[in-house]
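See structure below.
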Amino acid sequence: MNDELWMEQLAAEAALENSAPASSCLKSKIYSNMILAMEEGGPLLPLPDTKQAGRALCVFEHLVEILPAPDSVQSLQYCKVCHAKALGERMENAPIYWPGCPYCEFQNR
Amino acid sequence: MPDDRALAAAMLARDRKAAAEFVQRFSGPLVAYVRSRLQPRWEDVDDIVQDSFLTALRSIANYRGDSPLRAWLLGIARHKVEDHYRARLRLVELPEEGELAGDPGLDSLIDRANAGARASAILCSLPEHYRLVLLWRYWDQRSASEMAALTGKTVKSMERLLARARAEFRTQWLEKDKEVAA
Numbered sequence: 092m093n094d095e096l097w098m099e100q101l102a103a104e105a106a107l108e109n110s111a112p113a114s115s116c117l118k119s120k121i122y123s124n125m126i127l128a129m130e131e132g133g134p135l136l137p138l139p140d141t142k143q144a145g146r147a148l149c150v151f152e153h154l155v156e157i158l159p160a161p162d163s164v165q166s167l168q169y170c171k172v173c174h175a176k177a178l179g180e181r182m183e184n185a186p187i188y189w190p191g192c193p194y195c196e197f198q199n200r
Numbered sequence: 011m012p013d014d015r016a017l018a019a020a021m022l023a024r025d026r027k028a029a030a031e032f033v034q035r036f037s038g039p040l041v042a043y044v045r046s047r048l049q050p051r052w053e054d055v056d057d058i059v060q061d062s063f064l065t066a067l068r069s070i071a072n073y074r075g076d077s078p079l080r081a082w083l084l085g086i087a088r089h090k091v092e093d094h095y096r097a098r099l100r101l102v103e104l105p106e107e108g109e110l111a112g113d114p115g116l117d118s119l120i121d122r123a124n125a126g127a128r129a130s131a132i133l134c135s136l137p138e139h140y141r142l143v144l145l146w147r148y149w150d151q152r153s154a155s156e157m158a159a160l161t162g163k164t165v166k167s168m169e170r171l172l173a174r175a176r177a178e179f180r181t182q183w184l185e186k187d188k189e190v191a192a
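Taken in order, these protein sequences are the chains called A and B.
Heads up: take any position in the first sequence, counting from 1, add 91, and you land on this note's numbering.
Heads up: take any position in the second sequence, counting from 1, add 10, and you land on this note's numbering.
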């Protein structure tokens, strides 16, 4: 067997090692940047519509969602001013525990 | 893939929680793939993963749902990894013609259980340009002519680089064989 064929066979049979999981900091940063990119394309889906789609809101979002506020308010991204975002982007196993908060769900606990 | 289509549609509607689900579901496979292709230069992994997600978001309208969303996203990551290979290999001076070793004598069967770990270890120990061409050619299955075109090199010089990289890989593989046998 020549080395070309041997390498082809080896690559076909040998899955390379890649054991580390995605860090919660990385997931948090990706999410924050995706939301920024989404906002550049227009307002986010209002919170009542997000809830109606069956997706969980965090306690702060829920407070906004029950307000009789227009879509312009319901579409704002409140995570920007939340400590969960700041901690999630900087710490693994950040001490954040809000149900419905993406930054909490990204933790690899 | 109805779930995937629904998730893509929700992202297109700029549903923030859909974006969170997207990151949570696919960051693991994406990091695993990119890490395996960039080893041991892990400092570039996060940037490539992040860039892949942002590209996916910008292109989500093109997702038709005829393949799993995970495969579609991995396809984007693969292009990003190739961009990385291309950028790194463009800088490399390719070898002049010269004699290479003859028959490698690699008829021994690949030990499947340990092949991945051993291949990873050897790839990590190779010079970067050898490692990148081997990953690109054999694990991502690009032909030498495609690799040459994408890096602005000649096919001949790319084939020579591949031959040298294989020879170095092979030497180290056989040394490991001897260590195991000893």
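Each residue gets a CB set at the ideal place from its N, CA and C atoms; glycine is no exception.
Keep in mind the model is a prediction, meaning the values are calculated, not measured.
Taking a 10 Å sphere around the C-beta of R141 (chain B), we find 16 or more other C-beta atoms and assign the residue as buried. Comparing alpha-carbon positions, the option among B:W149, B:A192 and B:L99 lying closest to L160 (chain B) turns out to be B:L99. Under the 10 Å beta carbon count, W52 (chain B) is surrounded by fewer than 16 other beta carbons and is classified as exposed. Just so you know, the alpha carbons of A175 (chain A) and K186 (chain B) end up roughly 48 angstroms apart. The beta carbon of W82 (chain B) lies closer than 7 angstroms to those of Y73 in the same chain, with the five residues before and after it left out.
If you ignore the 5 residues before and after Y95 (chain B), its C-beta comes within less than 6 angstroms of the C-beta of L142 and W146, all in its own chain and listed in chain order. Taking 9 angstroms as the cut-off, the Cβ atoms of L144 (chain B) and R176 (chain B) count as close.
Residue state for K163 (chain B) is assigned as coil, using DSSP reduced to three classes.
Assignment of P193 (chain A) by DSSP, reduced to helix, strand and coil, places it in the helix class. Under the three-state reduction of DSSP, I187 (chain A) is assigned to coil, being neither helix nor strand.
In the structure shown, R74 (chain B) falls within a coil segment according to DSSP collapsed to helix, strand and coil.
At a C-beta separation below 9 angstroms, R146 (chain A) has these neighbours in chain B: A20, D25, R26, K27, A28, A30 and E31. Non-local C-beta neighbours of A71 (chain B) in its own chain, meaning closer than 7 angstroms and more than five positions away in sequence, comprise L22, ordered along the chain.
At a beta-carbon threshold of 8 angstroms, none of the residues of chain A lie near R100 (chain B); the nearest stands roughly 23 angstroms away. Every unbroken stretch of the alpha helix (DSSP H) spanning 4 or more residues and falling wholly within the segment 147-184 of chain A is given here in chain order: 150-156, 162-165 and 174-181.
Residues of the segment 40-52 of chain B with a C-beta atom less than 9 angstroms from some C-beta of chain A are L40, V41, A42, Y43, V44, R45, S46, R47, Q49 and W52, listed in chain order. Contact annotation for G162 (chain B) against chain A: no contact, minimum CB-CB distance about 23 angstroms [criterion: below 9 angstroms]. If the five residues before and after L148 (chain A) are omitted, its C-beta is found closer than 8 angstroms to the C-beta atoms of L138, T141, K142, E156 and G191, all from its own chain and listed in chain order. Judged by beta-carbon spacing, W189 (chain A) lies within the 9 angstroms limit of V150 (chain A), meaning their Cβ atoms are closer than that value. DSSP places R80 (chain B) in the uninterrupted alpha helix (DSSP H) bounded by L79 to R100.
By the neighbour-count criterion, in which a residue is buried when 16 or more other Cβ atoms sit within 10 angstroms of its Cβ, A192 (chain B) is exposed. Among the CB atoms of chain A, one or more fall inside 9 angstroms of the CB of W149 (chain B). Chain B places a beta carbon closer than 9 angstroms to that of Y122 (chain A), counting this residue as a contact. Cβ neighbours of V59 (chain B) within its own chain (closer than 8 angstroms, five residues either side excluded): S37, L40, V41, V44 and A87.
Contact of A127 (chain B) with chain A by beta-carbon distance below 8 angstroms involves E108. Using beta-carbon distances, V59 (chain B) counts as an interface residue toward chain A, with a partner under 9 angstroms.
Between the C-alpha atoms of G75 (chain B) and S69 (chain B) there is a straight-line separation of about 13 angstroms. The Cβ atoms of F63 (chain B) and I121 (chain A) lie closer than 9 angstroms to each other. Here DSSP, grouped into helix, strand and coil, assigns Q151 (chain B) to coil. Judged by DSSP secondary structure, A128 (chain A) falls within the alpha helix (DSSP H) whose first and last residues are S115 to E131.
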